[in-house]
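Inspection log for the structure reproduced underneath, given as structure tokens.
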Amino acid sequence: MRRGGSGQWLGRRSCGATPTRKAVRSARKSYERSREVRTGCSDGRGFEGACLVTLPPFDIQPTLIGEKVSLRPLAETDFEELYAVAADPEIWAMHPYRDRYKREVFEGFFAEAMASQGAFAIVDKATGNMIGSSRFANYDGAAGEIEIGWTFFACSHWRGGFNRDAKALMLRHIFRHVRTVVFQIGAHNLRSRTAVERLGGRFIREYKREYRGQIQDYVMYHLTVEDARNGALALEGI
1 MRRGGSGQWL GRRSCGATPT RKAVRSARKS YERSREVRTG CSDGRGFEGA
51 CLVTLPPFDI QPTLIGEKVS LRPLAETDFE ELYAVAADPE IWAMHPYRDR
101 YKREVFEGFF AEAMASQGAF AIVDKATGNM IGSSRFANYD GAAGEIEIGW
151 TFFACSHWRG GFNRDAKALM LRHIFRHVRT VVFQIGAHNL RSRTAVERLG
201 GRFIREYKRE YRGQIQDYVM YHLTVEDARN GALALEGI
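Numbering of the sequence shown is given in UniProt numbering, commencing with residue 1 and proceeding in unit increments.
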């Protein structure tokens, strides 16, 4: 027996096994319980109060086709291919949780991604290979907000406009339904902070956030439709 990324016992499995359906269901329940106690839903103010977050009344897991990448709903069968990408420690070097390249840690991350019902597999259109993942989560209908996060790419695709194309697809889709996109980023993850700032994201504040029993420093950015139009993507028609 061992613990998964969100603290639940996943049971004994042979080396190399993918997360079971039972593990994903357990992670979904744990994920939903954790969302119920976040103050402000998507505003990242830790675990100070209570607010119930429900899935939005629109599709947050569509298939999106861009110039360089396509995004499709993440499936349980994607684990091995996605872990082959995530197993590179360099991807997580600036991340608050640098051990995510380890299989047992990534299993928990993957189970939570499946439980969120808003996670994508990002595919290189030229090769058909999976190159990363991203996620919509923490929809707050009253505030007109949703979070984009949990994004990572293979190091081979850090340049070349792949992240830019993926973000443009996600933002064009989601700004049909919300006014503000929230980004919560590790305070020392300068690469991700710079990328969001180039999109037009505005720094809101710094705060502490708990995950898997660890307290880390985070920063919050907001991106509105107007910000996206004026940022590096210069999104039009939204």
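Heads up, the beta-carbon is just placed ideally off N, CA and C, and yes, glycines get one too.
- In the DSSP secondary-structure assignment, residue 71 is bridged to 64 and 122.
- With a threshold of 16 other beta carbon atoms within 10 Å, residue 115 meets it and is buried.
- Judged by DSSP in its simplified three-state form, residue 59 adopts coil rather than helix or strand.
- Counting along the chain, residue 174 sits inside no beta strand (DSSP E); it lies in the alpha helix (DSSP H) bounded by residues 162-174.
- Within the same chain, Cβ atoms closer than 7 Å to the Cβ of residue 86 are found at 100, 101, 106 and 152, the five residues on either side in sequence being excluded.
- Annotation for residue 207: the continuous beta strand (DSSP E) segment containing it runs 202-211.
- The three-state secondary structure of residue 108, taken from DSSP, is helix.
- Nearest C-alpha to residue 207 among 223, 229, 183 and 225: 183.
- As DSSP reads the structure, residue 219 sits in a beta bridge with 185 and 206.
- About 6 Å separates the CB atoms of residue 170 and residue 148; that is less than 8 Å, so the two are in contact.
- The segment 116-135 and the segment 228-236 do not touch, with fewer than three beta-carbon pairs separated by less than 8 Å.
- Taking the Cα positions, residue 220 is about 10 Å away from residue 196.
- For residue 129, no alpha helix (DSSP H) run applies, since DSSP gives it neither H nor E.
- Non-local C-beta neighbours of residue 204 in its own chain, meaning closer than 7 Å and more than five positions away in sequence, comprise 220, 221 and 222, ordered along the chain.
- Distance from the CA atom of residue 224 to the CA atom of residue 80, rounded to whole angstroms, is 35 Å.
- Burial check for residue 234: the Cβ neighbour count within 10 Å stays below 16, so the residue is exposed.
- Taking each of 216, 77, 63 and 193 in turn and checking the Cα distance to residue 118, the smallest one comes out for 63.
- In the three-state DSSP reduction, residue 135 falls in the strand class (E or B).
- Under DSSP, residue 149 takes part in a beta bridge, and its partners are 135.
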